[in-house]
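**Student:** Below are the structure tokens for one structure; questions will follow.
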Amino acid sequence: MSARGLTAGQPSRIMVVSCPELRDPDQSAEAARLLDRVIAVVTGFCPDVEVVEPGVCAFGARGPARYHGGEKALAVRITAAVADLGVHSRVGVADGLFAALLAARASAAGASAAGGRDPVTVIPSAGTARFLAAQPVSVLADQDLAGQDLAGQDLAALLRRLGLGTLGDFAALPVRDVASRFGHAGERAHRLARGLDSRPLAARPPPADLSVAREFDPPEPRAEPVVFAAKALAERLHEGLAARGLTCVRVQILATWTDGRESSRRWRHDGLLSAAGVADRVRWQLNGWCSAGDTQQHRDTAGGVTVLRLAPDLLVRAAGQQLALWGEAVPGDRVARAAMRVQAMLGHEAVLRPVLGGGRNVSDQVTPTPFGDEKEPRLAADRPWPGRVMGAAPGLVFPAVRAAEVTDDAGQAVSVSGRCELSAAPAWLAVRGAPPRRVTGWAGPWPLAERWWDPAAARRRARFQLVTDDGRAWLAVVQDGRWLVEAGYW
Amino acid sequence: MPRPYPAVPIPSPQGGGIPPVLPVLSALRGLLPRGGLVRGSVVAVAEFGLLCLALVAAASADGAWCGIAGIPEAGMLAAAGLGLETDRTLLVPEPGPAWPQVVASLLDGCELVLLRPPARAPVQVRRRLEATLRRGRGVLLVAGDWPGAQARLRVVTRRWTGLGDGHGRLRACCAEVTADGRGEAAMARTRWLWLPAEDGGVAVADPLDVPFYVPVAEQLRAAPALRAAGG
């Protein structure tokens, strides 16, 4: 960090690199990629780089400048390196982030005026106050002053109307008067104008690559040696994580075959798996992958495993594991092992745990969550959900609604009007494929209009409960003039 | 609200160790020869429905993990109403062609597996699963046909109440359930149950309350009346 080795009150030298062409990375994917590469280049000069806003990054200049032989030399090298990527950049160096940003902007303006000759502006420590004082108050306009009542733009306009043209004029006002007249935002702007911007840079060290990989040359066609290697790999992975005091929520196992195909799966880890446990998962994954394909011929074409990679996913601080005392059911070892074996055979999404939630339709009220994932209902259960079907819950909820035909005594299809009026009493119900059955009791229509504000999800439906003469009861809906059966009660 | 059916584990006659049966809801005890699901056995229910979920509910509430394989339409809300603990439930909606391996894996982890086989099980597959079952002391509940099942249950008739001609809503269903099987379960038993009762649970139905119950003597005396009442 830039503040290291400084005494209190000593201003920090900040270098700002600004690429005006990349201010809007949303406009194309190319710009976003280029911006990423520019930041990577700057990171090569100083690892602790903060991206202030799109196209602008900043870092503490004192250390790198000393290493590279002065601020000017460092700035010239950075602009040259960035120019190699085909991007024009401007560099400003000053005391504090605000002044450095203004310096970079000044160099941008000066450079375009002078034909792009000097894209670097270095404001010496002693000159920062003078540099700031000469700036017009309009530079406050695009500052985020964190004021609810007064935006930067309004403040700049107000100051100009009061006859305060430059930051120097503004800074000359007493703090107390500024605070009482302009509030919190004004006080913060005043601090900026006086060069007291002391926000430290929130630089983030580049993430270390904690994944481990092992190449097999020649490719390994049998599973056992791969599993054996996986155990050693997992030990390395755990050591790397433990050295940083981290643990991972999931571990990704990625195996690449000779023909370029990859088998990748994420497994729950939570810091609980031993190296042997990870190796077990590698074996399940390889077995599942082999049995999923069409056996021998498939295996021959796939060749062997060339690369096995274990990558930690979702790193968290290792804080030990506290099991629930009561309340939540924690799957025991046996259950987890069984579930994961099935997941290895059929895929992560094949083993589900139901989570009860709320909702107006029976199919919304249960959220199936893959085993090992966070359990959270899609719709909260503690809301009133007006319009849901009350009473007994259906024993069968069809995952795909079944088409049905409902006819009256004369054999005419029963329809529901827009005003929820029935054309006739339902007399026969034929669920897709099955012969029609006599309706012995029915109730409805119960209308439901959902999400009318969202054209993609909006639907209007009328629900019915029907009992047929075989004793079964059905939950049927009419939507867009068609009868559908959603659930069965038996 | 207290659970309507406290799942009381049935004490084992040997004392100590794991009890030889998994508990069932009190209303269902009369249907099963030992008042519960005998560990290591296969129980077959003719068709998937609330009866299957009701048979699993008490054991799940008692702490057993329960796997449900091959039944994507299982209504978990109704199951929770019957007492099933959804936190201790694993669903494998599509076990696919390798379903015997899937069921064997589930039986390793869960004490109770409710299965609707996607295809008719060959004899060897059945033998292998039954062997796994005996080893793991679990119970396999099959929705469908399973030759050699120790107990077989089916719903013979059912009648819903609460729904009129264009009014009302489904309230409760009165069902006649019969059970038979092999060995000690060979004697057929029949019970009238509210499945579900108005509170979502299961209750023994009093013959006098049954909406279409007609005593046998009266059936014999007035056959036309039966047709009228039976609809």
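Protein chains in written order, with my numbering: chain A, -9 to 480; chain B, 921 to 1151.
Even for Gly, the Cβ is constructed at its ideal location relative to N, Cα and C.
1) Measuring straight from C-alpha to C-alpha, what distance separates residue 286/A and residue 250/A?
2) What residue from 939/B, 1124/B, 943/B has the CA that sits closest to residue 956/B's CA?
3) In whole angstroms, what separates the C-alpha of residue 430/A from that of residue 1028/B?
4) Of all the residues that make up the stretch 1020 to 1037 of chain B, which are near chain A by a beta-carbon distance shorter than 7 Å?
5) Can you pull out the residues from the stretch 353 to 368 of chain A whose beta carbon lies closer than 7 Å to at least one beta carbon of chain B?
6) So is residue 1148/B in contact with chain A if we call contact Cβ pairs under 8 Å?
7) Give the range of the alpha helix (DSSP H) segment to which residue 68/A is assigned.
8) Quick one: Cα of residue 126/A to Cα of residue 72/A, how far?
9) Within the continuous beta strand (DSSP E) that includes residue 14/A, where are the two ends?
10) Taking its Cβ as the centre, do 16 or more other Cβ atoms sit within 10 Å of residue 153/A, making it buried, or is it exposed?
11) So which residues of chain A does residue 993/B contact, with C-beta pairs closer than 7 Å?
12) Please tell me whether residue 258/A has its Cβ less than 8 Å away from any Cβ of chain B.
13) Have a look at residue 44/A and residue 67/A and give me their C-alpha separation to the nearest angstrom.
14) In its own chain, which residues sit with a C-beta less than 8 Å from the C-beta of residue 1026/B, not counting the 5 before and 5 after it?
15) Hey, would you say residue 1038/B sits closer than 8 Å to residue 389/A, going by beta carbons?
16) Measure from the C-beta of residue 1018/B to each C-beta in chain A and report whether the shortest distance is under 8 Å.
17) Anything in chain B within Cβ reach of residue 279/A, meaning under 7 Å, just list it in chain order.
18) For residue 236/A and chain B, any beta-carbon pair shorter than 8 Å?
19) My guess is that residue 463/A and residue 997/B are in contact by the Cβ rule of under 8 Å, so how many angstroms apart are they, rounded?
20) Taking only beta-carbon atoms, is residue 349/A less than 8 Å away from chain B?
21) In its own chain, which residues sit with a C-beta less than 6 Å from the C-beta of residue 433/A, not counting the 5 before and 5 after it?
22) Taking 8 Å as the CB-CB cut-off, is residue 451/A touching chain B?
23) Assign residue 980/B to buried or exposed, taking buried as 16 or more other Cβ atoms, counted over all protein chains shown, within 10 Å of its Cβ.
24) In terms of residue numbering, what span does the beta strand (DSSP E) encompassing residue 41/A cover?
25) Give me the subset of the stretch 1070 to 1083 of chain B whose CB atoms are less than 8 Å from a CB atom of chain A, sorted by chain position.
26) Could you check whether the Cβ of residue 479/A sits closer than 8 Å to any Cβ belonging to chain B?
27) DSSP has residue 1097/B in a bridge; who is on the other side?
28) Alpha carbons only, please: which of 39/A, 18/A, 423/A, 150/A is nearest the one belonging to residue 7/A?
29) Go ahead and pull the three-state DSSP assignment for residue 1020/B.
30) If we cut at 8 Å on Cβ distances, does residue 1058/B have a partner in chain A?
31) State the start and end residues of the unbroken beta strand (DSSP E) segment that holds residue 440/A.
32) Using 8 Å as the limit for Cβ to Cβ distance, is residue 455/A near chain B?
33) Write down the C-beta distance between residue 1122/B and residue 1113/B rounded to the nearest angstrom, noting that I regard them as a contact closer than 8 Å.
34) If you scan the stretch 204 to 256 of chain A from start to end, which runs of the alpha helix (DSSP H) of 4 or more residues do you find wholly inside it?
35) Taking CB distances under 8 Å as the criterion, tell me whether residue 374/A reaches chain B.
36) Applying the criterion that 16 or more other CB atoms from any shown protein chain within 10 Å of the CB defines a buried residue, is residue 934/B buried or exposed?
**Tutor:** Quick answer:
1) Confidence at residue 286/A is low in this model, with a pLDDT of 48, below 50, so the placement of that residue should be treated as unreliable; the coordinate-derived value is given next. Straight-line Cα distance between these residues: approximately 18 Å.
2) 943/B
3) Their Cα atoms are separated by approximately 45 Å.
4) 1021, 1022, 1025, 1026, 1028, 1029, 1030
5) 355, 356, 358, 361
6) Because residue 1148/B carries a pLDDT of 46, less than 50, the predicted location of this residue cannot be relied on, and the following value inherits that uncertainty. No, residue 1148/B does not count as interfacial toward chain A.
7) 61 to 74
8) 30 Å
9) Element bounds for residue 14/A: n/a, residue is neither H nor E.
10) exposed
11) 386, 387, 388, 389
12) It does not: the Cβ of residue 258/A has no partner Cβ on chain B nearer than 8 Å.
13) 21 Å
14) 987, 989, 1010, 1012, 1033
15) No.
16) yes
17) Simply none; closest approach about 13 Å.
18) By this cut-off, residue 236/A is not an interface position.
19) Contact flag wrong, Cβ pair sits at about 15 Å.
20) no
21) 455
22) Answer no: the Cβ-Cβ gap between residue 451/A and chain B never drops below 8 Å.
23) Classification of residue 980/B: buried, given that the 10 Å Cβ count is 16 or more.
24) Element bounds for residue 41/A: 40 to 43.
25) 1075, 1077, 1078, 1079, 1080, 1082, 1083
26) yes
27) Note: residue 1097/B sits in a beta bridge opposite 1075/B, 1111/B.
28) 39/A
29) helix
30) no
31) 427 to 440
32) yes
33) 6 Å
34) 213 to 233
35) no
36) Its pLDDT being 45, under 50, residue 934/B is placed unreliably in this model, and the value from its coordinates should be taken loosely. Exposed, by the Cβ-count rule.
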